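Asker: In the working numbering, the protein residues as written are 244 to 534.
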């Protein structure tokens with residue numbers, strides 16, 4: 244009799260274990276589903292009569308590379324039909340991406356009279372919601388829209404979004420920057436400003452991503468100023484842009500993350516050509532992260 248009771252007890256334990264495994268998802272699967280695949284893409288201005296980077300020739304390649312990357316979130320720089328640093332209601336690149344891709348919503352954009360629309364961040368709405376968004380310009384008056392840099396140069400800025408992950412209810416910040424390519428003095432002041440603003444905006448120890456076109460390689464002071472606030476550069480290999488068709492510089496487009504993120508691999512640099520056409524003079528970069 245006791246042997247039968249023991250068998251019944253063991254059977255009950257086995258059934259309970261099986262049912263529990265069906266109801267409760269595997270921890271590894273939960274972590275995998277909450278992974279982030281993020282990308283940064285300097286898409287290049289639309290400049291009238293620019294024969295080297297004609298938008299009409301490039302736009303199909305842009306769509307194809309975005310579909311190949313299939314990132315959850317993409318931060319863009321230089322998404323402007325060039326109007327010389329003043330607000331414009333035209334954003335032909337964003338309109339094209341909206342019409343030629345699916346599943347994405349726009350963040351870090353709005354009425355260009357009150358919110359600069361040239362550094363939008365698109366995201367998969369099924370995976371994230373937007374909690375907050377904002378911007379600041381790299382100048383003596385960062386909160387003044389389109390304010391010029393310390394030396395009077397072309398306006399550069401940071402767009403940012405606070406996202407909430409639907410799968411794990413975690414909030415995180417993404418800061419999307421485009422730094423000056425001409426003046427190192429401006430770049431250094433910008434990095435100091437970004438470090439200060441990131442700490443002020445992303446309060447409460449929330450995870451942080453800072454990405455974009457830094458116009459400076461890893462190891463330069465422009466990057467070290469951001470590492471000094473606890474961010475680390477996700478490793479990458481090789482050039483992220485072309486100059487006169489050549490790979491002259493090391494990577495100048497970067498992804499920096501706070502300690503709450505763990506990169507799953509090095510940054511991938513998408514040097515794809517489509518029917519012989521590059522999407523832009525910069526290559527998109529992407530990385531897969533986990534909380």
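Note that the Cβ used here is the ideal one computed from N, Cα and C, for glycine as well. All values derive from a computational prediction rather than experimental measurement.
Over what stretch of residues does the beta strand (DSSP E) that includes residue 407 continue unbroken?
Answerer: The residue you call residue 407 lines up with position 164 of the chain shown. Here the beta strand (DSSP E) through residue 407 covers 400-408.
Asker: List the residues that DSSP assigns as beta-bridge partners of residue 534.
Answerer: Translated into the one-based positions of the chain shown, residue 534 becomes position 291. Bridge partners of residue 534: none, in fact.
Asker: Within 10 Å of its beta-carbon, does residue 411 have 16 or more other beta-carbons around it, so buried, or fewer, so exposed?
Answerer: On the chain shown, residue 411 is found 168 positions in, with the first residue counted as 1. Exposed, since its Cβ has fewer than 16 Cβ neighbours within 10 Å.
Asker: Are three or more beta carbon pairs between the region 464-475 and the region 431-442 nearer than 8 angstroms?
Answerer: In short, these stretches touch, since the Cβ pair count reaches three.
Asker: For the pair the region 296-307 and the region 399-416, tell me if three or more CB-CB distances fall below 8 angstroms.
Answerer: Cβ pair count under 8 angstroms is below three, so no.
Asker: Would you mind reading off the limits of the alpha helix (DSSP H) that contains residue 439?
Answerer: Along the chain shown, read from residue 1 onward, the residue named residue 439 stands at position 196. Segment 427-444, the alpha helix (DSSP H) holding residue 439.
Asker: Only counting the same chain, and skipping five residues up and downstream in sequence, which positions put a Cβ closer than 8 angstroms to that of residue 291?
Answerer: Mapped onto the chain shown, residue 291 falls at position 48. If we look at residue 291 and ignore the five residues flanking it on each side, its Cβ neighbours are 325.
Asker: Go ahead and pull the three-state DSSP assignment for residue 306.
Answerer: Translated into the one-based positions of the chain shown, residue 306 becomes position 63. Correct three-state label for residue 306: helix.
Asker: Let me know the secondary structure DSSP gives residue 314 once reduced to three states.
Answerer: Working through the chain shown from its first residue, we reach residue 314 at position 71. If DSSP states are grouped into helix, strand and coil, residue 314 belongs with coil.
Asker: Using the three-state DSSP reduction, which class does residue 342 fall into: helix, strand or coil?
Answerer: Taking the chain shown and counting its residues from 1, one reaches residue 342 at position 99. Looking at residue 342 - three-state DSSP - the assignment turns out to be helix.
Asker: Measure how close the beta-carbons of residue 332 and residue 359 come, nearest whole angstrom, since I'm counting them as under 8 angstroms.
Answerer: Locating residue 332 in the chain shown gives position 89, counting from the first residue. Locating residue 359 in the chain shown gives position 116, counting from the first residue. The pair is not a contact, with the Cβ atoms about 12 angstroms apart (cut-off 8 angstroms).
Asker: Report all residues from its chain with a CB closer than 6 angstroms to the CB of residue 438; omit the five preceding and five following residues, and keep chain order.
Answerer: To locate residue 438, count along the chain shown from 1; it is residue 195. So the list reads 468, 469 and 472, once near-sequence residues are dropped.
Asker: Using C-beta distances below 8 angstroms, list every residue in its chain close to residue 460, excluding the 5 sequence neighbours before and after it, in chain order.
Answerer: Along the chain shown, one-based indexing puts residue 460 at 217. So the qualifying residues of the chain are 466, 492, 493, 494 and 495.
Asker: In terms of residue numbering, what span does the beta strand (DSSP E) encompassing residue 464 cover?
Answerer: Here residue 464 corresponds to residue number 221 of the chain shown, with the count starting at 1. Careful: residue 464 lies outside any beta strand (DSSP E), inside the alpha helix (DSSP H) at 464-470.
Asker: Report yes if the C-beta distance between residue 501 and residue 530 is below 9 angstroms; otherwise report no.
Answerer: Indexing the chain shown from 1 puts residue 501 at position 258. Indexing the chain shown from 1 puts residue 530 at position 287. No. Outside cutoff.
Asker: Using CA atoms only, rank isn't needed, just tell me which of 395, 375 and 458 is closest to residue 384.
Answerer: Residue numbering aside, residue 384 sits at position 141 when the chain shown is read from its first letter. That would be 395, whose Cα lies nearest to the Cα of residue 384.
Asker: Can you tell me the Cβ-Cβ gap for residue 388 and residue 357, rounded? I've got them flagged as a contact below 8 angstroms.
Answerer: Translated into the one-based positions of the chain shown, residue 388 becomes position 145. Translated into the one-based positions of the chain shown, residue 357 becomes position 114. At roughly 7 angstroms, the Cβ-Cβ gap stays under 8 angstroms, so residue 388 and residue 357 are in contact.
Asker: Helix, strand or coil, according to DSSP, for residue 454 in the structure here?
Answerer: Within the chain shown, the letter at position 211 stands for residue 454. Looking at residue 454 - three-state DSSP - the assignment turns out to be strand.
Asker: For residue 338, which option in 379, 315, 363 and 514 has the closest C-alpha, if you only look at C-alpha atoms?
Answerer: Counting from 1 along the chain shown, the entry for residue 338 is found at position 95. Checked all of 379, 315, 363 and 514; the closest Cα to residue 338 is 363.
Asker: In this structure, how does DSSP classify residue 335 when only helix, strand and coil are distinguished?
Answerer: What you label residue 335 is simply residue 92 of the chain shown in a count that begins at 1. DSSP places residue 335 in helix when its eight states are reduced to three.
Asker: Kindly list the residues whose CB is nearer than 6 angstroms to the CB of residue 490, restricted to its own chain and excluding five residues on each side of it in sequence; keep chain order.
Answerer: Translated into the one-based positions of the chain shown, residue 490 becomes position 247. So the list reads 482, once near-sequence residues are dropped.
Asker: Sort 318, 295, 377 and 308 by Cα distance to residue 344 and report the nearest one.
Answerer: Reading the chain shown from its first residue, position 101 is the one you call residue 344. Measuring from the Cα of residue 344, the nearest candidate turns out to be 308.
Asker: Between which residues of its own chain and residue 404 is the CB-CB distance below 7 angstroms, once the five residues before and five after are set aside?
Answerer: Translated into the one-based positions of the chain shown, residue 404 becomes position 161. Closer than 7 angstroms at Cβ, skipping near neighbours: 350, 351, 364, 373, 376 and 417.
Asker: Expressed to the nearest angstrom, what Euclidean distance is found between the alpha-carbon atoms of residue 449 and residue 498?
Answerer: Taking the first residue of the chain shown as 1, we reach residue 449 at position 206. Taking the first residue of the chain shown as 1, we reach residue 498 at position 255. Rounded to the nearest angstrom, the two C-alpha atoms are 17 angstroms apart.
Asker: Checking 9 angstroms against the spacing of the C-beta atoms, do residue 334 and residue 421 come in under that value?
Answerer: Position 91 of the chain shown, counted from the first residue, corresponds to residue 334. Position 178 of the chain shown, counted from the first residue, corresponds to residue 421. Contact flag unset, no.
Asker: Ignore the nearest five residues each way along the sequence and tell me which others in residue 370's own chain have a CB closer than 6 angstroms to its CB.
Answerer: Translated into positions along the chain shown, residue 370 becomes position 127. Correct list, in chain order: 315 and 409.
Asker: Which class does residue 475 belong to by DSSP, given the choice of helix, strand or coil?
Answerer: Counted from its first residue, the chain shown places residue 475 at position 232. Strand, per DSSP.
Asker: Would a C-beta distance cut-off of 9 angstroms place residue 281 and residue 454 closer than the cut-off?
Answerer: Residue 281 sits at position 38 when you count from the first residue of the chain shown. Residue 454 sits at position 211 when you count from the first residue of the chain shown. Yes, they are a contact pair.
Asker: Less than 9 angstroms separating the beta-carbons of residue 532 and residue 451?
Answerer: Counting from one through the chain shown, the residue named residue 532 turns up at place 289. Counting from one through the chain shown, the residue named residue 451 turns up at place 208. Taking 9 angstroms as the Cβ cut-off, residue 532 and residue 451 do not qualify as a contacting pair.
Asker: At what residues does the beta strand (DSSP E) containing residue 286 begin and finish?
Answerer: The residue given as residue 286 occupies position 43 in the chain shown. Taken as a continuous stretch (DSSP letters only), residue 286 belongs to no beta strand (DSSP E), as it is neither H nor E.
Asker: Just confirm the distance between the C-beta atoms of residue 390 and residue 406, as a whole number of angstroms; I'd bet it's less than 8 angstroms.
Answerer: The residue labelled residue 390 in the question sits at position 147 within the chain shown. The residue labelled residue 406 in the question sits at position 163 within the chain shown. Contact flag wrong, Cβ pair sits at about 27 angstroms.
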